[in-house]
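S.K.: Take a look at this one; I'll ask things after.
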């Protein structure tokens with residue numbers, strides 16, 4: 130099954146909680162209570178999100194965590210990448226990927242198109258969308274047929 134890790138899911142839940150109240154700093158303890166997750170898990174997630182540049186942290190009495198930019202400028206892809214690494218269906222589907230079968234496999238180009246379609250969709254979903262309680266309207270058709278890949282121009 131293709132799915133995100135629990136930690137990535139928790140990161141989205143925590144980020145959405147912060148996005149619903151962006152005007153105030155949020156303590157890790159308060160966030161853990163609000164989303165009903167263990168404090169150590171929330172703390173670990175917050176540190177990863179800060180390291181990725183999605184959150185800012187400030188120490189002290191007025192301290193806590195805030196979004197590093199507006200919720201409409203943070204994508205689902207950003208959150209996933211912060212926790213999981215690059216969004217790619219296969220090893221050869223992202224820029225740093227290497228595969229010893231790439232010259233003979235015959236499916237790399239199509240997997241790259243699928244990965245691009247998934248990334249395009251995830252890039253179109255913002256934290257502002259995720260934080261809403263109403264369902265997200267997703268595109269019906271993705272433009273993967275019109276994508277030009279660097280590898281296919283070499284053929």
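Residue numbers (this note's numbering): 130 to 284.
Cβ coordinates follow ideal geometry from the N, Cα and C atoms, glycine included.
Please read these numbers as outputs of a predicted model, since none were measured by experiment.
#1: What does residue 193 pair with, by DSSP beta-bridge criteria?
#2: Keeping to the same chain, check which residues put their C-beta closer than 7 angstroms to that of residue 197; ignore five residues upstream and five downstream.
#3: Using the three-state DSSP reduction, which class does residue 147 fall into: helix, strand or coil?
#4: Tell me the DSSP bridge mates of residue 204?
#5: Grab me the residues of residue 158's own chain with a C-beta within less than 7 angstroms of its C-beta, minus the 5 sequence neighbours each way, in chain order.
#6: Strictly by DSSP, which residues pair up with residue 155?
#7: What is the residue span of the alpha helix (DSSP H) that residue 172 lies within?
#8: Rounded to a whole number of angstroms, what is the C-alpha to C-alpha distance between residue 191 and residue 154?
#9: Alpha carbon to alpha carbon, what distance is there between residue 177 and residue 283?
#10: Which same chain residues, not among the five before or five after residue 228, have their C-beta less than 8 angstroms away from its C-beta?
#11: Go ahead and pull the three-state DSSP assignment for residue 164.
M.R.: Looking at the coordinates:
#1: Paired residue(s): 187.
#2: 182, 183, 184, 185
#3: helix
#4: DSSP, once it has assigned bridges, lists 255 as partnering residue 204.
#5: Excluding sequence neighbours, residue 158 sits near 168.
#6: 194
#7: Residue 172 -> alpha helix (DSSP H) spans 168–180.
#8: 7 angstroms
#9: With a pLDDT of 46 at residue 283, under the threshold of 50, the modelled position of this residue cannot be trusted; read the value that follows with caution. Cα to Cα, residue 283 sits roughly 37 angstroms from residue 177.
#10: 219, 220, 221, 234, 237
#11: helix
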